[in-house]
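Just below is one structure, and these are the notes that go with it.
Number of protein chains: 2
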Amino acid sequence: MNTKKDNTEDKILDAAKNVFVKKGMEGARMQEIADEAGINKALLHYYFRSKDKLFDAIFSKIIGLAFPKIGEIFQSDQAFAWKVEQVIDTYLSLLMKHPYLPAFILKEVNRDPSMFFKLVLKHGFSPAPIFEIIEEAMDRGEIIRMNPQHLVVHVLSMCIFPFAAKPIIHFVLFDEDKQATQAFFDERKQEVKQFVLRAITPELK
Amino acid sequence: MNTKKDNTEDKILDAAKNVFVKKGMEGARMQEIADEAGINKALLHYYFRSKDKLFDAIFSKIIGLAFPKIGEIFQSDQAFAWKVEQVIDTYLSLLMKHPYLPAFILKEVNRDPSMFFKLVLKHGFSPAPIFEIIEEAMDRGEIIRMNPQHLVVHVLSMCIFPFAAKPIIHFVLFDEDKQATQAFFDERKQEVKQFVLRAITPELK
DNA sequence: GTCTATACGGCGATAGAC
DNA sequence: GTCTATCGCCGTATAGAC
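Line by line, the protein sequences give chains A and B.
Counting in numbering that gives the first Met the number 0, the first sequence runs from 0 upward without gaps.
Counting in numbering that gives the first Met the number 0, the second sequence runs from 0 upward without gaps.
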């Protein structure tokens with residue numbers, strides 16, 4: 000699955016990532032991480048002094064992963080509709096590859112928001128440029144006029160939420176049929192793009 | 000806040016609800032629940048034999064609350080657009096009143112899906128009738144043709160996700176300005192309705 | 001660096017007086 | 001029914017041999 004390195008530290012990081020993402024900070028056990036890494040508990044504390052420290056290392060890497068470079072997409076010279084499609088493609092591809100991220104991040108952010116805030120500051124992430132570009136597209140009449148912040152939240156909601164609620168969808172909508180659920184998630188790229196474009200495109204045809 | 004009853008059992012249920020919803024099953028402490036109820040730990044175990052049992056009682060009530068009667072709205076004789084607006088209004092009113100529910104439910108459902116499944120079966124909830132009504136609206140040309148399951152997930156995503164991601168929105172979008180965040184959430188009813196209706200309404204004007 | 005053994009604290013649960 | 005006191009487990013963290 001992941002690039003398994005030979006050295007112990009990477010084995011620990013890899014194991015810790017798997018266990019933390021699945022169980023969360025509170026549900027994870029140092030014993031389980033040690034087992035998955037093929038070592039013992041004492042060695043975990045030798046490399047990382049505490050469970051907190053180990054978790055911070057993992058969480059920091061994951062936050063970096065989950066805030067991909069959508070800024071770059073928006074900087075490009077393409078039509079706004081193309082940018083929207085690109086962002087949805089990029090984000091849903093990322094989530095299909097890491098379907099546990101939304102539930103994990105939401106859980107940990109709600110448990111300790113300050114931890115997340117520090118990381119956002121460290122990564123220097125700012126949404127302002129994106130809103131400017133959206134405003135410009137509205138000024139040009141490329142898309143209808145609306146509140147850009149709501150537009151962004153609409154799109155991210157439709158992309159992210161279904162992964163966080165996957166067990167519910169799997170059971171309520173598809174009666175625990177794994178193939179049907181998988182098919183549904185495969186379709187979402189197309190469905191979200193169509194829905195959003197229909198909502199924001201001025202009357203054309 | 001809540002209808003505080005005099006008898007101990009209700010004081011416990013009320014305290015447990017507050018603590019469990021804020022901290023989750025894994026984060027909650029029996030001591031904290033006892034403190035909030037103004038009693039001691041032993042009495043908790045006298046009324047509910049274990050932490051698990053107490054949690055089940057709370058979770059069951061909350062799931063009942065979070066699945067409101069949107070079925071009834073859909074049964075009515077109104078135009079489809081009206082039904083959509085009504086559902087969004089109902090759901091967002093519910094969530095404004097209980098903003099912690101989404102994060103709590105997502106956390107617990109991902110921790111132990113089977114617990115949730117049993118409750119859904121007990122409540123006898125089925126989405127099939129809703130999908131039928133959506134199909135009929137499409138047949139009549141009242142809304143554009145699309146996959147009803149995706150439509151439902153789109154709408155629920157836009158309603159629920161922002162509450163689960165509230166700390167992120169509060170910090171990244173509004174720089175920890177509480178009033179601005181509150182205003183944003185107040186606007187969402189209107190914004191979600193407009194967005195959805197634009198996406199699903201056939202070309203009119 | 002890696003292991004075994006153990007200390008230490010927290011928490012769910014119970015015993016038993018009132 | 002309600003309390004105080006305490007048990008026993010489990011999980012993090014450390015000591016110390018190799």
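Ideal Cβ placement from N, Cα and C applies to all residues, glycine included.
The structure presented is a predicted model; accordingly, all values stated were derived computationally and were not measured.
Do the CB positions of residue i and residue j come within less than 7 Å of each other?
i: A/Phe162; j: A/Leu91; result: no
i: B/Phe160; j: A/Phe160; result: yes
i: B/Glu141; j: B/Phe194; result: no
i: A/Ala179; j: A/Phe170; result: no
i: A/Glu243; j: A/Lys192; result: Any question about residue 243 of chain A goes unanswered here, given that chain A covers just 0 to 204.
i: B/His149; j: A/Glu190; result: yes
i: B/Leu120; j: B/Ile62; result: no
i: A/Ala198; j: B/Ala198; result: yes
i: B/Ala15; j: B/Leu42; result: no
Would you kindly work out how many angstroms separate the C-alpha atoms of residue i and residue j, rounded to a whole number?
i: B/Ile235; j: B/Ile11; result: Because chain B is modelled from 0 through 204, residue 235 of chain B falls outside the range shown and cannot be assessed.
i: A/Phe19; j: A/Gln30; result: 12 Å
i: A/Thr7; j: A/Ala56; result: 15 Å
i: A/Lys96; j: A/Asn17; result: 14 Å
i: B/Glu107; j: B/Gly23; result: 7 Å
i: A/Pro98; j: B/Ser49; result: 33 Å
i: A/Met145; j: A/Thr200; result: 11 Å
i: A/Met157; j: B/Ala36; result: 39 Å
i: A/Ile167; j: B/Pro112; result: 8 Å
i: A/Asp34; j: A/Arg110; result: 26 Å
i: B/Glu186; j: B/Tyr45; result: 46 Å
i: B/Asp88; j: B/Lys188; result: 6 Å
i: B/Leu196; j: A/Ala65; result: 30 Å
i: B/Asp51; j: B/Leu155; result: 29 Å
i: A/Pro147; j: B/Met114; result: 39 Å
i: B/Phe116; j: A/Met137; result: 45 Å
i: A/Gln77; j: A/His153; result: 22 Å
i: B/Ile143; j: B/Glu202; result: 9 Å
i: B/Arg139; j: A/Ala182; result: 27 Å
i: A/Asp5; j: A/Asp13; result: 11 Å
i: A/Lys165; j: A/Val86; result: 21 Å
i: B/Leu100; j: A/Leu105; result: 13 Å
i: A/Phe184; j: A/Trp81; result: 21 Å
i: A/Lys40; j: A/Arg28; result: 10 Å
i: A/His122; j: A/Val151; result: 20 Å
i: B/Phe58; j: A/Glu134; result: 43 Å
i: A/Lys177; j: A/Ile32; result: 28 Å
i: A/Ser75; j: A/Lys21; result: 36 Å
i: B/Asp9; j: B/Ile38; result: 12 Å
i: B/Lys60; j: A/Lys60; result: 37 Å
i: A/Phe47; j: B/Phe47; result: 40 Å
What I want to know is whether the C-beta of residue i ends up closer than 6 Å to one or more non-hydrogen atoms of the ligand ATP.
i: B/Tyr46; result: In the structure shown, the ligand ATP is absent, as is every other ligand, since no ligand is present at all.
Next on the checklist: Can you pull out the residues from the region 96-107 of chain A whose beta carbon lies closer than 9 Å to at least one beta carbon of chain B?
Outcome noted: Answer in chain order: Tyr99, Pro101, Ala102, Phe103, Ile104, Leu105 and Lys106.
Next on the checklist: Counting only Cβ-Cβ distances shorter than 9 Å, please list the residues of the region 137-165 of chain B near chain A, keeping chain order.
Outcome noted: Ile143, Met145, Asn146, Gln148, His149, Leu150, Val151, Val152, His153, Leu155, Ser156, Met157, Cys158, Ile159, Phe160, Pro161, Ala163, Ala164 and Lys165
Checklist entry - How do the region 123-131 of chain A and the region 61-71 of chain A stand: do at least 3 beta-carbon pairs fall below 8 Å, yes or no? => result Touching, yes.
Checklist entry - Of all the residues that make up the region 14-29 of chain A, which are near chain B by a beta-carbon distance shorter than 7 Å? => result Glu25 and Gly26
Item to check | Against chain A: residues of the region 110-130 of chain B by CB proximity under 8 Å | outcome: Arg110, Pro112, Phe115, Phe116, Val119, Phe124 and Pro126
Item to check | Contact set between the region 38-61 of chain A and chain B, restricted to residues whose Cβ is under 9 Å from the partner | outcome: none
Item to check | Members of the region 177-192 of chain A near chain B, C-beta cut-off 8 Å | outcome: Phe183, Glu186, Arg187, Glu190 and Val191
Checklist entry - When you check each C-beta in the region 74-93 of chain A against every C-beta of chain B, which residues fall closer than 7 Å? => result Taking 7 Å as the Cβ-Cβ cut-off against chain B, none of the residues of the region 74-93 of chain A qualify.
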